[in-house]
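There are 2 protein chains.
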Amino acid sequence: MTKQELIAKIRKKKSFLCIGLDSDISKIPKHLLKHEDPVFEFNKQIIDATQDIAVAYKPNTAFYESRGVEGWKSLEKTIQYLNNLPESVFTIADAKRGDIGNTSTQYAKAFFEKLNFDAVTIAPYMGSDSVLPFLQFKGKWAILLALTSNSGASDFQFITDEERKNSLFESVIQKSKNWGTNENMMYVVGATKSEMLEKIREYIPNHFLLVPGIGAQGGNLEEVAKYGMNKEIGILVNSSREIIFASKEKDFAEKARAEALRLQIQMEKLIK
Amino acid sequence: MTKQELIAKIRKKKSFLCIGLDSDISKIPKHLLKHEDPVFEFNKQIIDATQDIAVAYKPNTAFYESRGVEGWKSLEKTIQYLNNLPESVFTIADAKRGDIGNTSTQYAKAFFEKLNFDAVTIAPYMGSDSVLPFLQFKGKWAILLALTSNSGASDFQFITDEERKNSLFESVIQKSKNWGTNENMMYVVGATKSEMLEKIREYIPNHFLLVPGIGAQGGNLEEVAKYGMNKEIGILVNSSREIIFASKEKDFAEKARAEALRLQIQMEKLIK
């Protein structure tokens, strides 16, 4: 999906909501366990209930890999389902991969060709040759971790770069922004660090930001929009657990929709 | 596998060789493609031909994921085969994972429980809570990226930490070394940076180091041993492509053994 297509979808749906499919089989409603593939069934019902108000879906690969081959089958079915919706959505494999060049190429093939995601999240530690292979796929996106929403983010991401006199996450953004363009790269910036968004926007005014950490992790949507939005909207805000596990009963999809709608209504106001 | 068991194996086999199973289906001998699972058949024959001289095997998950469900099946069969050898070997999932706590727990389950690897490689960028979940599994190991062997390593790993007055990779080692112990943590240090090993040994004299980059990437085994070895040996040196793709003909396993043996003979001298 191109940047312009993504922006058009956001404007049409009045929503920059990304739903994280962190579909932990131990947390899905018990009545689904009778299905042949309970996790896919769960995802399908969540997607059906929210596809008109979410612009993006982000399966988190860890929750699929932990179930081995069966989990990988659920992931394949989920992305196939997402890619065949009546109206296309932006799909992100939240995989946080990254390795030396020839290996990153294999990861890119895994997520862009085999599974046909639009985007994959990437850890920046190994540098340019670990990221560049992901940028060789037309219409696909590399979403680089810059500033994450977790507590451990402070261990390394705020280390001061003596030469540049800024934090490591800023060096990551500044160095990497020219590896691709704002048409094939985005950055992860946690909602729990919204005060940093203003500064980040100075470095990358036109890149999309993928913002996790709203809700459970304490991030504030209004703050994120205030500092992170640009004239093309420029943000995708993710919510996972608060939506998909809003209820663990038979009404889970309905409750997921209600929670997604609650966020979409806020987003609609912020887009205006 | 415990540290003492690993050391005993190294001393018995007179080898600290790890073989990287970067088993790219497009590079394996063509005659194997008639098998139901060509990649597993390839791995099996490589393992059979080298198990008496290698102490560790390291499948690189990217080369399996790029084949989707089929690739994940090959990975499952490979680790099962490794775990059922007459003499046990140390097994590493070269996965370079790492995410917020609840997600890292799922990755740890994927590699330690579902697949039953001894160790998994981890990217440090997200900090302590992305690593700690891997340290909760008895007898299992987290192998953290410190200084990688690729060219992109210089983009961020050598950024000078203004406070500590050292490079980022050194801060990673210094901060993380107390998250676990030398009984459940190792570090990746590329052979192409062997001049850094002396300094690294000051910070972590007793941790095992996993050293990639010998051969194709230009690392020198004698240099690595000189600066990296400690009184418990303390290093696992990985070779992937030079061994497994030593020949692309029917003699591939035999040629892989010859290349592994060439390294083992050097290692035997260095252990003395």
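As given, the protein sequences belong to chains A and B, one line each in that order. In my numbering, each number is its position in the first sequence, counted from 1, plus 22. In my numbering, each number is its position in the second sequence, counted from 1, plus 22. Cβ coordinates follow ideal geometry from the N, Cα and C atoms, glycine included.
message: For chain B, check one thing: does any of its Cβ atoms lie closer than 8 Å to the Cβ of Tyr129 of chain A?
response: yes
- prompt: List, in order along the chain, the chain A residues whose C-beta lies closer than 9 Å to that of Met148 of chain B?
  reply: Lys118, Ala145, Leu167, Thr170, Asn172, Gly174, Ala175, Asp177, Phe178, Gln179
- request: Tell me whether Gly123 of chain A sits in a helix, a strand or coil according to DSSP, three-state version.
  value: helix
- prompt: In whole angstroms, what separates the C-alpha of Gly240 of chain A from that of Lys95 of chain A?
  reply: 33 Å
query: Whose Cβ in chain A lies nearer than 7 Å to the Cβ of Ser96 of chain B?
result: The contacting residues do not exist; Ser96 of chain B stays about 10 Å from chain A at best.
message: Taking 8 Å as the threshold (beta carbon to beta carbon), is Ile50 of chain B in contact with chain A?
response: no
- request: Tell me, please, whether the CB atom of Phe159 of chain B is closer than 8 Å to any CB atom in chain A?
  value: no
task: Measure the CB-CB distance between Cys40 of chain A and Leu292 of chain A and report whether it falls below 8 Å.
output: no
message: According to DSSP, Met208 of chain B sits in a beta bridge with which residue or residues?
response: B:Ile165, B:Phe230
field: CB of Ile122 of chain B within 8 Å of CB of Thr143 of chain B, strictly
entry: no
message: Quick check on this structure: which residue in A:Phe178, A:Gln67, A:Gln158, A:His57 has the alpha carbon closest to the alpha carbon of Met148 of chain B?
response: A:Phe178
- prompt: Taking the C-alpha atoms as reference points, what is the distance between Thr170 of chain A and Asp74 of chain B?
  reply: 44 Å
message: Quick check on Gly241 of chain A - is its C-beta less than 8 Å from some C-beta in chain B?
response: no
message: Against chain B, which members of the segment 252 to 284 of chain A pass a CB distance test of less than 9 Å?
response: Arg263
- prompt: Can you check whether the CB of Gly202 of chain B is closer than 8 Å to the CB of Leu167 of chain B?
  reply: no
- request: Determine the contact status of Ala115 of chain B and Pro60 of chain B, defining contact as a CB-CB distance below 8 Å.
  value: no
- prompt: Do the CB positions of Lys31 of chain A and Met289 of chain A come within less than 8 Å of each other?
  reply: no
message: DSSP has Leu190 of chain B in a bridge; who is on the other side?
response: Bridge partners of Leu190 of chain B: none, in fact.
field: Per-residue contacts from Leu232 of chain B into chain A (C-beta, under 7 Å)
entry: Within 7 Å Cβ-Cβ: nothing; Leu232 of chain B doesn't reach chain A, min ~14 Å.
task: Compute the beta-carbon to beta-carbon distance between Met208 of chain B and Phe230 of chain B, rounded to the nearest angstrom, for a pair I have assumed lies under 8 Å.
output: 4 Å
message: The alpha helix (DSSP H) that contains Pro60 of chain B, what's its start and end?
response: 60 to 72
- prompt: Got a sec: is the Cβ-Cβ distance from Thr214 of chain A to anything in chain B below 8 Å?
  reply: no
query: Do three or more CB pairs link the segment 44 to 62 of chain B to the segment 276 to 283 of chain A at distances below 8 Å?
result: no
message: Assuming the contact rule is C-beta atoms closer than 8 Å, Gly235 of chain B and Gly212 of chain B should be a hit. Round their C-beta distance to whole Å, please.
response: 4 Å
query: Skipping 5 residues on each side, what residues in its chain have a beta carbon closer than 6 Å to that of Lys199 of chain A?
result: Ile226
- request: Locate the beta strand (DSSP E) running through Ser261 of chain A, then write down its first and last residues.
  value: 257 to 261
task: Please state whether DSSP places Tyr79 of chain A in a helix, a strand or coil.
output: strand
field: Buried or exposed by the 16-neighbour rule on C-beta atoms within 10 Å, applied to Leu243 of chain B
entry: buried
- request: Just mark Gly161 of chain A as buried or exposed, buried being the case when its beta carbon has 16 or more other beta carbons within 10 Å.
  value: exposed
task: From the DSSP output, in three-state form, read off Thr170 of chain A for me.
output: coil
N-terminal and C-terminal residue of the alpha helix (DSSP H) that Ala282 of chain A is part of: 274 to 293
task: Using beta-carbon positions only, say whether Thr113 of chain A and Asp140 of chain A come within less than 8 Å of one another.
output: yes
message: Please classify Lys34 of chain A as buried or exposed, where buried requires at least 16 neighbouring CB atoms within 10 angstroms.
response: exposed
- prompt: Can you name the start and end residues of the beta strand (DSSP E) that Gly42 of chain A belongs to?
  reply: 39 to 43
- prompt: To the nearest angstrom, how far is it from the Cα of Asn188 of chain B to the Cα of Gly120 of chain A?
  reply: 24 Å
- prompt: Using a Cβ-Cβ cut-off of 6 Å (strictly less than) and excluding sequence neighbours within five positions of Thr214 of chain A, which residues of its own chain qualify?
  reply: Ser171, Gly235, Gln239, Gly240, Gly241
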